[in-house]
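Numbering (full-length UniProt numbering), first residue to last: 1 to 996. The C-beta atom is built at its ideal place from N, Cα and C for all residues, glycine as well.
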Amino acid sequence: MALTTQQVEAFFSDCRAKDAQQKNSFINDADYIKHMQEVEDFILGKTTTMPNMRNVGWNFYSWGLRDLPNLIPVAQSWGIYEERILSFVFHKNNKDLSWWMEYWMRDQITKSGEYDIMAQLVPILKKSGMQDKDILMFGMDNYDDPYFLYEEGANDTENPQTDKPSSFGKYVLSFLPQQARLVMDANAEEDNSRFELCRLLYYHHRETLNEYVDEFIVPKSGYHHNGLDSDVVNFLLEKDAASFEKAIIKGIEKQIKQQQIDPIDVYSNWKKLDKAFPGKYESQLTKFYKDYLDQFETGATKGTWGYTDEYSWDDNQRKYLTVLSFEDMLERDPVAAQARLVPFIKNSPFLVPDFLTFLDEKFGADALKYWPDALSKNPKDVGNEYFKTLFEIIEKYDFSSIEDSLWDLTKTKSKRIRFMLATVLSKLGDKAITRSKDLLNAKTADTRQTAALILAKINTEESIAILSAAFNSEKNDDARDVMLESLANKLYGEANDKLLADMVEFAKQRGKISESPISWIKPDVLPTLYKTDGTAVTTDEVIFLLYRMSRAKGIRPDLEAKVLLSLIDRSKSGDFAKKLFKLYIDNGADAKQKYCLTLAGLLGDDETVNLLRNQVNTWVDNSRGKMAEYAVGALAMIGSNKALRTVEFFSRKYQNKNSNVGSAAHAALEEAAEELGMDMNELADSIIPDFDFDGMFKTFTVNDSEYRAFIDVNFKMAFLDEDGKKLKSAPKGTAKEVQDEFKLITKEVRDVVKSQSPRLEQYMVTGRRWELEAWQKFFLGNPIMFVYATRLVWGAFDANGQLLTTFWCAEDTSLMSLEDEEVELSEETATIGMIHPLMITPEEREAWNQKFFDLHIEPIFPQMQREVITIDEKEKAAVESSTFSGKKIEQGALYLAKTLEKLGWRRAEVSDGGYVPAYEKAFPHLRVRAEIETEGITVGYYDEDAYLGRLHFESYASENYGNKLAFGNIPGIVYSEVMADLRKILPPAESKEGKE
C-alpha cells in the first residue's frame, strides 16, 4: 500500500519530537526549521521547488531525515509520495543525503525476487537528474556486499546455476556488451566492488570479462592503481588458471618493468602462479629472490622512517620477505642458500627480529656462527626489540664461543640494550667477574654501569665485594644506583644517626648535595622535620633526602632515603609534607618531579589526605590521569585509616570512567593489604574508624555532668545525659575542642557511609562471611558498623556453609529471631553473613519485610525487598539468552550507558571507531562475569536510539577463563542480580515479565 498524507505528516512530526527529546542544539535553528519545512512541503506536493541541501551541511541538518527511507514500502506499491522522496534524496543537489538510502536499496533489491525493482526505480532516479553512469556508480559503493548484486540466499559462487543476479545485477548486465566501457568507467574508482563485478562477469558475461580482464588485474585507478588486484588474481587462478595465465603474467611483467609494484606483490603473484603451475615459474622466483636480497643487502630499502622489510599475511601470521625468500631457497637448494646467508647477515644494515627467530628455528645451536655479525648491527637501525630477540636466542645455548662479540657490545650507548646484555653476560658466572671488574674502571659512565649490572646479577660474595669497594667513590648516579640495588640490605640493615651521617658525607664528597635538586625548593622555607629522638633534621639532611628521592623510580621511596625516613617522627612531619605539596602544585606539578608527591605521602598526615584527595579529582577533571594515579599512590603511602579509606573510595569511583585511576587505587590497596598480611576485605574492615569510642559510646564531661555521645540509626551524632535521656545536640557548655571533634566525626561518618553501604550490598551478593568472633568485633564493637548490624537481616552458617538461623540485631546488641526470641548462636555456628532473599523462602522474606516495617527499621539497601529472578528450567542448558535482544531503550544510549555504569557494569573492549559492543559486570569472588550486548553507544557519542542484545556469562576461573557458562551452572544470586539490573533499564511493562 502506498504512503498516505497522514503517514508523511506523522513522520515529520515524529522527527521534530525526537529532536526535542534529545535536546539537539540545532532544533531551534531558523535554517534547520526552514529546510525541514521545505522538504516536508515538497514531499506532500505543496511546492514543486526541489529543496537544495548542498550547502547546509549534511551532518548537521540531514540527521533528522535519516529515517526517511524507512517510510518507503516494497516497490510494487509505490505512489506519488514515494517518488517524491526518491527524487529528493537522489537529486544532484542532495547527494550527501543519498547514503541514508544504501541499506534501504540493498533490502529492496535483494528481497524483490522476480520483481524488477530497477525498472521502476531507474526512471525516478533519471527524473531527479541522475544518468546511467551515476546510478551505476552509486551501486558500486555496495558491490563489496555480494548481496547487492545477487538475490538474497543466491550467493553460491561454487554453483553458478544458483548464483542469480538481483534486479541491480541484471541492470548492470543490461549494458553489456555494447556499453561495457560505461560499466568499467563507473567501476573504476571502487576497489571493493571490482572483484564483485569480475565475479558477476565470469558467471554471466565471460565475453566482457575476457575483453577487459587486463583492467581487472591491473586497475587504472583506485587503491590498486598501477598494481595488481590480489582478490581478482586469486579468483581467476582458482576458477580458470589456464585461460587467465597470460593476462596475469602480462600484468606482473608490466609492473616490474615500470617499477610500480611492491616486492611483496611480485613475490605473492609468482608464488600463486608457481602453485597453479608447479615448477613452471621457478626461474622467475629464483631471480626475484636474488634481486630482492641484493637490494636489501645494500640498504636500498631504507626510506623516510628507516629500513624496512616487506611482509605479507599468511594464515593470519605476518611473514617478512627476507624470511619467505630464504625459507623457499633453503627448501630448493640448501647448500647454495646457506652460502648466501653468511654475506647477507654480515652486510645487511638491517634485519627484522623475525629473521633471527627463523634462523634459530631452522638451525638451533648451529646458528651461533651467524650471531657475531648479527650483534654488530647499529641499534638505531634495528631497534631494541631486535636485540631482545637475539639475546633470548643466544641465552638458550652455550655461547662461550661468541662471548667476545657480546663484550664488545658493552660500549653501546643504548641503555636498554646494556641492561639486556648484562643479563646475558651474567650467565657466564665467575668467568665474567674479572672482565666486569676491569670495566668498573672504564672512563665512560655507561660502561661502568653495565659492569655494575653484570656483577649485581652474578650476585656472588666476590662480585658483591667488588661492588662494595667501588660504591662510595662512584660519581655517576645511574651506575651507583645499580650497585645500590644489590648492596642496600648489606649496607643499610639498621638505620641510625652514624649511618645517616656517613651517607650524607659521602654524598657531599661526590658533589651531590651542594644545593637543592629543584630550584624552587629552598630548605629554609620548609617546616622543620624532627627525628624520633627529638633532634631536628639538618639542612644537609633535607637536601640529601630530596636528592635521593629524585633518584626514585615511580611512587616509592629511594633505598638510601629510607634510612632517613625511618628516623623521622611521623607525628610531626605533616606540616613539612603539606608545604612541599603546595610548592609542587604552585610550580606546575611536573611529572618528572613526582617524587614530591611521594614525599608528601611518606611524611603526610590526615590533613594531607584532604589535599591529595582534592588534587586527584582536579587532575582527573583536567585530563591528567597519570598524575591522578601518582597522587593515589601517595595517598596509600600515608597509610592511615583515613588515607586508605580515600584510596578505597577512588577504587570504586573510578571503576568505569578514568579506570586507570581506579586500577591504580586498587593496586595500592592490594599492596597495603599484602604488607599488613590481610586480604582486601579484611583491609576494608580494618580501616573503619572507631573514633576512640568505648564500645558504642564516647563519654565527655560538661559542668561536672557526664554525657555520652553515640551514632544513631540514621548515622547522626546523638547524645545521652546521665539519666539516659536523648538530647537533640551537645549540651550547652561543651568545650569548643570537643564540639570540633564531634564535627569531624560527623563528617567522617558521612564519608564512611558513602563507601560502606554499597560495599556491604556487594558483600551480600558475593556471599561474604565473617568468622563469628570477627563479626562480633567488627559489627558489635564499632559504633558505625553497629548501625549496619541493626538495619539488616543476618544469617548464621555452619562450617559447610549451610544456613542455621536468621536474626537481626537489637539496639542492646542482643540477636533476635523473626519470632522475637533471643538467638543463642550454637557451637555449630562457623560464620555470619547477610541474607540474600534467595537464601530463604518467599514467605520468610515477606515476614522479615513486615517485621522491619513494624519496628520502623529502614534497611540500609534493598535486602528483602530486592527483585528476585530464578532461572527457568528450560534455560539451564543454554549459554546465551535472547531475552533482551532488540529491546529498545527509549531514553537513548546516554541513559543506557550511565545506568549500566551506575549499576556496576563497565564497557567491554572498545572496537574500531570507538564502538562499544557490550557491557560487562564481574563477580570476581564467584569467578563469573556477565556480558550484555549493546547498540548505539560509541566513545564520546551516543545515538538517540539504543538497544540491548544477547546476554551470556563467562568463567573467571583461570583454567576456563572466557568460556561461556551454561545458565544452570551460574550461582542463582548472580543470575538474579544481573537480570534485575537489566530489567531496571527496560520500560516497566517489559521489566515485569518473568519475575519469580
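Tell me where the alpha helix (DSSP H) around residue i begins and ends.
i    : result
R759 : 736-766
K257 : 230-258
F138 : 132-140
Y595 : 595-603
A589 : Run containing A589: none; DSSP gives neither H nor E here.
I835 : No alpha helix (DSSP H) holds I835; DSSP gives it neither H nor E.
W270 : 263-276
P123 : 117-127
N210 : 206-217
F691 : Unbroken run through F691: none, as it is neither H nor E.
A442 : Note, A442: premise wrong, no alpha helix (DSSP H); not H, not E.
Y975 : 972-985
Tell me where the beta strand (DSSP E) around residue i begins and ends.
i    : result
I932 : 928-938
S705 : 705-711
V702 : 698-702
E920 : 918-923
Q317 : 317-320
A789 : From DSSP, A789 is part of no beta strand (DSSP E) but of the alpha helix (DSSP H) over 783-790.
Skipping 5 residues on each side, what residues in its chain have a beta carbon closer than 8 Å to that of residue i?
i    : result
K490 : I464, S468
I109 : I117, M118, F148, S166, S167, F168
D291 : none
I513 : V504, A507, D540, I543, F544, Y547
I568 : L529, Y530, K531, T532, V537, L603
A673 : D679, M680, E682, L683
L659 : Checking the sequence shown, residue 659 turns out to be Ser, not Leu. Around S659: R906.
K522 : S516
Given residue i, which residues of its chain have a CB within under 7 Å of its CB, disregarding the five upstream and five downstream residues?
i    : result
P924 : Y956
Q161 : Confidence in Q161 is poor, its pLDDT being 39 and thus under 50, which makes the residue's placement too unreliable to answer from.
V382 : F350, L351
S571 : none
F175 : L182, V183
L986 : K887
I860 : S757, L760, Y788, R791, L792
I970 : V928, F953
By DSSP's criteria, residue i is part of a beta bridge. Which residues make up the other side?
i            : result
A946         : I889
P165         : Y150
E954         : R929, K964
C809         : L815
F719         : A709, L727
R906         : E920
T831         : E771, F797
D398         : DSSP output for D398 lists no bridge partner at all.
L803         : F797
Y311         : Y320
E822         : M816
S436         : Its beta-bridge partners do not exist; DSSP assigns none.
A536         : Y530
Y941         : T938
residue 1019 : With the chain represented from 1 up to 996, any question about residue 1019 goes unanswered, as that position is not in the structure.
So, for residue i: in the same chain, excluding its five sequence neighbours on each side, which residues have a beta-carbon less than 6 Å away from its beta-carbon?
i    : result
Y61  : With a pLDDT of only 49 at Y61, under 50, the local geometry of the prediction cannot be trusted, and the value read off the model is given with reservation. Excluding sequence neighbours, Y61 sits near Y32, H35.
E297 : F344, N347, S348
T938 : G914, Y915
N159 : Unreliable placement is indicated for N159, whose pLDDT of 46 sits below 50; the coordinate value is still reported in the next sentence. None.
A946 : I889, G892, A893, L896, G936
Does chain C have any CB closer than 8 Å to the CB of residue i?
i    : result
G633 : Protein chain content of the structure displayed is limited to a single chain, and chain C is not contained in it.
Where are the alpha helix (DSSP H) runs, 4 residues long or more, that stay fully inside the region 617-675, in chain order? The region 617-675 contains these whole alpha helix (DSSP H) runs: 625-638, 641-653.
Jot down the residue ranges of each uninterrupted alpha helix (DSSP H) in the region 458-531, minimum 4 residues, whole runs only, in chain order. Counting whole runs of 4 or more residues, the region 458-531 contains the alpha helix (DSSP H) stretches 461-471, 477-491, 497-509.
Could you tell me whether the region 902-916 touches the region 877-890, using the rule of 3 or more Cβ pairs below 8 Å? When C-beta atoms of the region 902-916 are compared with those of the region 877-890, fewer than three pairs fall below 8 Å, so the two segments do not count as touching.
Below 8 Å, how does it come out for the region 685-702 and the region 774-788: are there three or more Cβ pairs, yes or no? Segments in contact, yes.
How do the region 506-525 and the region 543-551 stand: do at least 3 beta-carbon pairs fall below 8 Å, yes or no? The answer is yes - the region 543-551 touches the region 506-525, with three or more Cβ pairs under 8 Å.
Mind the definition here: the region 232-249 touches the region 268-283 only if three or more C-beta pairs lie below 8 Å; say whether that holds. Between the region 232-249 and the region 268-283 there are three or more C-beta pairs closer than 8 Å, enough to call the two in contact.
Below 8 Å, how does it come out for the region 829-844 and the region 864-880: are there three or more Cβ pairs, yes or no? With a cut-off of 8 Å, the region 864-880 and the region 829-844 count as touching, because enough Cβ pairs lie within range.
Taking one C-beta from the region 727-736 and one from the region 793-809 each time, how about it: are there three or more such pairs within less than 8 Å? The region 727-736 vs the region 793-809: no contact.
Within the region 333-376, ranges of the alpha helix (DSSP H) (whole runs, at least 4 residues): Runs found: 334-347, 353-363, 371-375.
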